[in-house]
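Colleague:
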Amino acid sequence: MTDRNELIGLSASAMVALLDRGAISPADALEALEARIARVDPLINALPTLCFDRAHDNARQLQEKPVQERGLLRGLPVPIKDLTQVAGVRTTSGSLLFKDHVSEATGLPARVLEENGAVVYAKSNTPEFGTGGHTHNKVFGITLNPRDRSRSAGGSSGGAAAALATGMAWIAHGSDMAGSLRTPASFCGVASLRPSPGLIASDQPQLPFQVLGQEGPMARSVEDVALMTDAMSGLSAEAGLSKPAPATSFLSAARQPKRPLRVAVSPDLGVTEIDDEVRDAFNTAIGALESAGLQLEESHPDFSDAVEAFTVQRAIFYAIKLGDALATAGHLFNPQVVWNIEKGLKTDAASIRSAMAAQGRLFGKASAFMHDHDLLICPATIMPPFQAEETHPGSSAGVPVSEYYDWLKIVYVVSAATLPVITVPCGFTANGLPLAIQLIGRPHGEYELFRHARYIEEILGWDTAPIDPVA
1 MTDRNELIGL
11 SASAMVALLD
21 RGAISPADAL
31 EALEARIARV
41 DPLINALPTL
51 CFDRAHDNAR
61 QLQEKPVQER
71 GLLRGLPVPI
81 KDLTQVAGVR
91 TTSGSLLFKD
101 HVSEATGLPA
111 RVLEENGAVV
121 YAKSNTPEFG
131 TGGHTHNKVF
141 GITLNPRDRS
151 RSAGGSSGGA
161 AAALATGMAW
171 IAHGSDMAGS
181 LRTPASFCGV
191 ASLRPSPGLI
201 ASDQPQLPFQ
211 VLGQEGPMAR
221 SVEDVALMTD
231 AMSGLSAEAG
241 LSKPAPATSF
251 LSAARQPKRP
261 LRVAVSPDLG
271 VTEIDDEVRD
281 AFNTAIGALE
291 SAGLQLEESH
301 PDFSDAVEAF
311 TVQRAIFYAI
321 KLGDALATAG
331 HLFNPQVVWN
341 IEKGLKTDAA
351 SIRSAMAAQG
361 RLFGKASAFM
371 HDHDLLICPA
381 TIMPPFQAEE
391 THPGSSAGVP
401 VSEYYDWLKI
411 VYVVSAATLP
421 VITVPCGFTA
431 NGLPLAIQLI
441 GRPHGEYELF
451 RHARYIEEIL
461 GWDTAPIDPV
471 A
């Protein structure tokens with residue numbers, strides 16, 4: 001099978017099977033993507049930087065090896081979020097400060113993928129330094145939602161999610177601090193995993209032991225997310241937090257769905273308000289799970305420490321990463337980035353001490369709660385995709401920069417608790433915009449989480465076929 005349109009519609013797992021049998025080559029996959037991107041990406045701006053010459057060179061090198069030596073992905077093309085370095089490729093982090101930067105070396109997440117048989121062909125769009133839940137920047141502009149191009153694709157992995165939804169990728173690399181995998185997955189109708197710290201190694205020379213930000217996979221189905229998780233996980237001496245890959249693959253877990261026995265559900269985790277359409281879609285999904293026989297209880301951990309734990313440590317993250325650049329390049333940064341840096345620089349020792357203690361209490365409460373539950377289910381966003389012209393929800397109505405990510409509490413409190421999360425689509429708004437749920441598992445419990453997520457995905461049902469962008 002080499003028909004380009006047929007390849008675009010296949011799952012990542014099916015593509016790898018074809019590559020493994022030699023029914024197609026990595027070059028065939030790249031050519032299918034080139035044609036698809038040329039037709040689709042001008043409409044949504046998901047993959048602003050392409051590197052197909054590099055990709056074809058790498059594909060030819062893979063083809064020279066025996067099939068069993070081509071890595072787990074066997075030459076499957078993968079886009080990398082524009083926060084991660086790829087040697088010889090323009091890497092901007094969505095910032096004017098780096099608009100002409102070409103990487104000299106490949107960052108650890110992308111390198112692990114390449115070592116496992118991925119062929120990098122593009123960089124996906126991101127807000128400046130990954131700041132915020134909407135993908136827009138002064139280098140490449142806005143990534144539009146393929147379901148409605150007047151709406152946001154979410155962020156900060158918005159380019160990755162939009163590329164997946166439209167068949168410009170089979171799997172995609174992303175990252176998540178305040179919901180940067182989960183929000184775009186919900187807005188675009190795809191799946192993602194935010195892993196426990198250490199499962200997917202990341203090179204963070206300034207902050208090698210930070211736990212708020214995690215690298216992670218996105219795909220159109222739970223099975224394909226599991227496949228990419230296998231290709232991203234594993235022990236690395238270059239990472240401050242790292243652990244060996246499990247003896248049994250996550251893909252095998254996703255292929256053995258398991259009914260969760262003890263399931264907690266919450267529409268808001270006790271920390272936020274939610275839009276009526278989100279609540280309706282969530283209730284419909286929960287109703288489907290109840291009809292399928294799952295025993296559900298409305299409950300959640302005590303997240304009262306989460307806002308302090310997250311917001312203070314996130315501000316310190318920005319101060320460490322970009323504090324020195326503020327004096328010389330601050331005029332290039334967007335207001336949200338400047339606000340984050342300045343907040344971090346102004347944070348005193350007592351606040352840091354209090355926030356770190358708050359995170360300790362939070363983890364203890366969350367871990368104890370999950371010990372008694374297989375899953376915690378809640379919405380992945382509190383609102384449907386908002387207008388793409390907004391820098392953040394309500395910006396045109398005067399919502400200040402200091403409140404630009406308040407709407408992300410339902411995801412960032414889970415980040416602060418460091419619990420693993422798989423996001424799966426669960427329904428649509430009245431206007432046809434996708435919505436998703438978070439399936440939250442036990443600390444370091446990704447194997448069982450994949451089994452439970454696949455079980456729930458089967459109940460909810462979702463057409464994983466890529467779409468053409470809607471006007």
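At position 277 of the sequence shown the residue is numbered 277 (the UniProt record's numbering), and the sequence of numbers has no breaks.
Note that beta-carbon positions come from the ideal geometry of N, C-alpha and C, so glycine has one too.
Note that the coordinates shown come from a computational prediction; the quantities given were computed from them, not determined experimentally.
(1) Pull up the distance between the alpha-carbon of residue 472 and that of G330, whole angstroms please.
(2) Once you ignore the five residues that flank R454 on each side, which residues in its own chain have a CB closer than 6 Å to its CB?
(3) May I have the straight-line CA-CA distance separating D394 from H173, to the nearest angstrom?
(4) So what does DSSP say about L10, is it helix, strand or coil?
(5) With DSSP collapsed to three states, give me the class of G461.
(6) Among A118, P66, L294, P379, which one has its Cα closest to the Cα of A55?
(7) K123 and V78 look like a contact to me (Cβ under 8 Å); what is the Cβ gap, rounded to whole Å?
(8) So the candidates are F369, E115, S291; which of them puts its Cα closest to the Cα of I456?
(9) Which two residues bound the contiguous beta strand (DSSP E) that contains K123?
(10) Tell me which same chain residues have a C-beta within less than 8 Å of the C-beta of M1, skipping the five on either side of it?
(11) Can you confirm whether Y405, when its beta carbon is compared against all beta carbons of chain C, has any partner nearer than 7 Å?
(12) If you drop the 5 nearest sequence neighbours on each side, which residues of the same chain put their C-beta closer than 6 Å to that of S354?
(13) Quick one: using the 10 Å Cβ neighbour count with 16 as the cut-off for buried, is G398 buried or exposed?
(14) So which of Q336, D176, A358 has the shortest CA-CA distance to V421?
(15) With a cut-off of 8 Å on the beta carbons, I'd call P184 and G155 a contact; round off their distance for me.
(16) Output yes or no for whether 7 Å exceeds the beta carbon distance between T272 and K409.
(17) Just curious, the alpha helix (DSSP H) that H371 is in, first and last residue?
(18) Between P146 and V470, which are expected to be in contact by the criterion C-beta below 8 Å, what is the C-beta distance as a whole number of angstroms?
(19) Quick test of your reading: L96 and L332, contact by CB under 8 Å. State the CB separation rounded to the nearest angstrom.
(20) Which of helix, strand or coil does DSSP assign to H56?
(21) How about P425 and W462: are their beta carbons less than 7 Å apart?
(22) Quick check on DSSP: helix, strand or coil for L144?
(23) Taking the beta carbon of A388 as the centre, do at least 16 other beta carbons fall within 10 Å, making it buried, or is it exposed?
(24) Using the three-state DSSP reduction, which class does K258 fall into: helix, strand or coil?
(25) To the nearest angstrom, how far is the alpha carbon of G75 from that of L294?
(26) CA-CA distance, P335 and F98?
(27) Check the C-beta distance from S103 over to V89 and give it rounded, since I have them as a contact under 8 Å.
(28) How long is the line joining the alpha carbons of L30 and F52, rounded to whole angstroms?
(29) Can you list, in chain order, the residues of its chain whose CB lies under 7 Å from that of G107, leaving out five sequence neighbours each side?
(30) Pull the bridge partners of L296 from the DSSP assignment, please.
(31) Just tell me which of N431, V414, G167 has its CA closest to the CA of P385.
(32) Using the beta-carbon count (16 or more within 10 Å), is S150 buried or exposed?
(33) Find the nearest neighbour of I44 within the set R314, T131, H136, judged by alpha-carbon distance.
(34) DSSP state of P79, grouped into three classes?
(35) Among P379, A436, H101, whose alpha-carbon lies nearest the alpha-carbon of G270?
(36) Starting from the C-beta of H371, find all residues in its chain whose C-beta is less than 8 Å away, skip the five residues before and the five after it, and write them out in chain order.
Modeller: On the basis of the data shown:
(1) This structure gives no information on residue 472, because the portion of the chain shown stretches from 1 to 471.
(2) Here residue 454 refers to the residue found at position 454 when the sequence shown is read from its first residue. Closer than 6 Å at Cβ, skipping near neighbours: V222, A254, P257.
(3) Numbered from 1 along the sequence shown, position 394 holds the residue referred to as residue 394. Numbered from 1 along the sequence shown, position 173 holds the residue referred to as residue 173. Here residue 394 is Gly; the residue named in the question, Asp, does not match the sequence. When rounded, the distance between both Cα atoms is 29 Å.
(4) One-based indexing of the sequence shown puts residue 10 at position 10. Looking at L10 - three-state DSSP - the assignment turns out to be coil, as it is neither helix nor strand.
(5) Position 461 of the sequence shown, counted from the first residue, corresponds to residue 461. Correct three-state label for G461: coil.
(6) Here residue 55 refers to the residue found at position 55 of the sequence shown. Looking at the Cα atoms, A118 is the closest of the given residues.
(7) Residue numbering aside, residue 123 sits at position 123 when the sequence shown is read from its first letter. Residue numbering aside, residue 78 sits at position 78 when the sequence shown is read from its first letter. With 8 Å as the limit, K123 and V78 do not qualify as a contact, their Cβ atoms being about 11 Å apart.
(8) Looking up residue 456 in the sequence shown gives position 456. Nearest option by C-alpha distance: S291.
(9) Stepping through the sequence shown from its first residue, residue 123 is reached at position 123. Start and end: 119 to 124.
(10) Within the sequence shown, residue 1 is the residue found at index 1, counting from 1. At M1, the pLDDT of 49 sits below 50, so the modelled position is not reliable; the number obtained from the coordinates is stated separately. So the qualifying residues of the chain are L7, L18, A23, I24.
(11) The structure shown has no chain C; it contains just one protein chain.
(12) Taking the first residue of the sequence shown as position 1, residue 354 is located at position 354. Nothing meets the Cβ criterion.
(13) Here residue 398 corresponds to residue number 398 of the sequence shown, with the count starting at 1. By the 10 Å Cβ count, G398 comes out exposed.
(14) On the sequence shown, position 421 is the one that residue 421 refers to. Taking only the C-alpha atoms, the option nearest V421 is D176.
(15) Position 184 of the sequence shown, counted from the first residue, corresponds to residue 184. Position 155 of the sequence shown, counted from the first residue, corresponds to residue 155. So it is a contact: roughly 6 Å between Cβ atoms.
(16) Walking along the sequence shown from the start, residue 272 turns up at place 272. Walking along the sequence shown from the start, residue 409 turns up at place 409. Yes, these two residues count as a Cβ contact at 7 Å.
(17) The sequence position of residue 371 within the sequence shown is 371, counting from 1. Element bounds for H371: 349 to 371.
(18) Taking the sequence shown and counting its residues from 1, the one referred to as residue 146 is at position 146. Taking the sequence shown and counting its residues from 1, the one referred to as residue 470 is at position 470. The Cβ separation is near 7 Å, so the contact holds.
(19) Residue mapping note: residue 96 aligns to position 96 of the sequence shown, counting from 1. Residue mapping note: residue 332 aligns to position 332 of the sequence shown, counting from 1. That pair is a contact at about 4 Å.
(20) The count along the sequence shown starts at 1 and reaches residue 56 at position 56. If DSSP states are grouped into helix, strand and coil, H56 belongs with the helices.
(21) Within the sequence shown, the letter at position 425 stands for residue 425. Within the sequence shown, the letter at position 462 stands for residue 462. In contact: P425 and W462 (Cβ atoms closer than 7 Å).
(22) Taking the first residue of the sequence shown as 1, we reach residue 144 at position 144. In this structure, L144 counts as strand in the three-state DSSP scheme.
(23) Position 388 of the sequence shown holds residue 388. It counts as buried.
(24) Locating residue 258 in the sequence shown gives position 258, where the first residue counts as 1. Three-state DSSP puts K258 in coil, outside helix and strand.
(25) Your numbering for residue 75 matches position 75 in the sequence shown. Your numbering for residue 294 matches position 294 in the sequence shown. Each residue's Cα considered, the two are about 40 Å apart.
(26) Here residue 335 refers to the residue found at position 335 when the sequence shown is read from its first residue. Here residue 98 refers to the residue found at position 98 when the sequence shown is read from its first residue. For P335 and F98, the distance between alpha carbons rounds to 17 Å.
(27) Locating residue 103 in the sequence shown gives position 103, where the first residue counts as 1. Locating residue 89 in the sequence shown gives position 89, where the first residue counts as 1. The Cβ separation is near 6 Å, so the contact holds.
(28) Numbered from its first residue, the sequence shown carries residue 30 at position 30. Numbered from its first residue, the sequence shown carries residue 52 at position 52. The alpha-carbon atoms of L30 and F52 are separated by roughly 8 Å.
(29) Residue 107 sits at position 107 when you count from the first residue of the sequence shown. Within the same chain, G107 has close Cβ partners T84, Q85, D203.
(30) Reading the sequence shown from its first residue, position 296 is the one you call residue 296. V263, per the DSSP bridge assignment.
(31) What you label residue 385 is simply residue 385 of the sequence shown in a count that begins at 1. Selected option, being the one with the closest Cα: N431.
(32) Here residue 150 is taken as the residue at index 150 of the sequence shown, counted from 1. Flag for S150 reads exposed.
(33) On the sequence shown, position 44 is the one that residue 44 refers to. That would be H136, whose Cα lies nearest to the Cα of I44.
(34) Within the sequence shown, the letter at position 79 stands for residue 79. P79 falls in the strand class under three-state DSSP.
(35) Position 270 of the sequence shown, counted from the first residue, corresponds to residue 270. Of the candidates P379, A436, H101, the one whose C-alpha sits nearest the C-alpha of G270 is P379.
(36) Within the sequence shown, residue 371 is the residue found at index 371, counting from 1. Excluding residues within five positions, the ones whose Cβ falls inside 8 Å are R442.
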